[in-house]
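Colleague: This is the structure I have questions about; it appears just below.
Numbering (this note's numbering), first residue to last: 12 to 134.
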């Protein structure tokens with residue numbers, strides 16, 4: 012069966028998370044936008060019309076929201092790496108993961124953020 016490379020995308024998933032370097036910054040949840048690109052092989056899911064052989068958008072979205080909300084975070088960098096690791100743990104079909112997290116905390120900017128790309132081999 013030929014490999015069918017694809018990227019599953021979730022753009023600007025909104026969540027509120029306690030994140031920040033200081034206690035004051037973590038005192039209240041802050042709005043974040045999380046965008047994901049997950050490289051995967053879609054051949055089996057496409058041929059068999061079976062979503063369990065691929066990556067379900069709804070399951071991915073719910074998994075990310077639950078994961079980021081279960082604790083406080085200090086750095087956006089920390090959260091970005093943790094989200095990548097979580098995706099590899101929760102979704103075996105993921106080959107590579109691109110994560111972008113936008114935070115709205117610096118006056119005078121539309122947003123600040125971190126974007127990273129990791130392969131399964133890097134975790």
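Cβ coordinates follow ideal geometry from the N, Cα and C atoms, glycine included. Source: prediction; values computed, not measured.
1) How should residue 122 be labelled, buried or exposed, when 16 other C-beta atoms within 10 angstroms of its C-beta is the threshold for buried?
2) Over what stretch of residues does the beta strand (DSSP E) that includes residue 41 continue unbroken?
3) What's the C-alpha gap between residue 132 and residue 78?
4) Tell me whether residue 91 is buried or exposed, calling it buried when 16 or more other Cβ atoms sit within 10 Å of its Cβ.
5) Residue range of the beta strand (DSSP E) that residue 6 falls in?
6) Report yes or no: do the stretch 56–63 and the stretch 31–39 share at least 3 C-beta pairs separated by less than 8 Å?
7) Which word fits residue 129, buried or exposed, when buried means at least 16 other C-beta atoms lie within 10 angstroms of its C-beta?
8) Using a Cβ-Cβ cutoff of less than 7 Å, which residues in the same chain neighbour residue 21 once the five nearest sequence positions on both sides are dropped?
9) Give me the Cβ distance between residue 66 and residue 102, rounded to the nearest whole Å; I'm assuming they're in contact under 8 Å.
10) Could you tell me if residue 105 is buried or exposed, where buried requires 16 or more neighbouring beta carbons within 10 angstroms of its beta carbon?
11) According to the Cβ coordinates, are residue 93 and residue 50 closer than 9 Å?
Modeller: In terms of the structure at hand:
1) Position 111 of the chain shown, counting from 1, holds the residue named residue 122. When all chains shown are included, residue 122 counts as exposed.
2) Here residue 41 is taken as the residue at index 30 of the chain shown, counted from 1. 41–52 is the span of the beta strand (DSSP E), which, as asked, contains residue 41.
3) As a working note, residue 132 is residue 121 in the chain shown. As a working note, residue 78 is residue 67 in the chain shown. If I take the Cα positions, the gap works out to 22 Å.
4) As a working mapping, residue 91 is identified with position 80 in the chain shown. The residue in question, residue 91, is buried, as its Cβ has 16 or more Cβ neighbours within 10 Å.
5) Because the chain spans 12 through 134 in this model, residue 6 falls outside it and cannot be assessed.
6) no
7) For the purposes of this step, residue 129 is taken as the residue at position 118 of the chain shown. With 16 or more other Cβ atoms within 10 Å, it is buried.
8) For the purposes of this step, residue 21 is taken as the residue at position 10 of the chain shown. Within the same chain, residue 21 has close Cβ partners 46, 47, 68, 71 and 72.
9) Translated into the one-based positions of the chain shown, residue 66 becomes position 55. Translated into the one-based positions of the chain shown, residue 102 becomes position 91. The Cβ separation is near 5 Å, so the contact holds.
10) As a first step, residue 105 must be located in the chain shown, where it is residue number 94. Taking every protein chain shown into account, the CB of residue 105 has 16 or more other CB atoms within 10 angstroms, so this residue is buried.
11) As a first step, residue 93 must be located in the chain shown, where it is residue number 82. As a first step, residue 50 must be located in the chain shown, where it is residue number 39. With respect to residue 50, residue 93 sits apart: the two C-beta atoms are not nearer than 9 Å.
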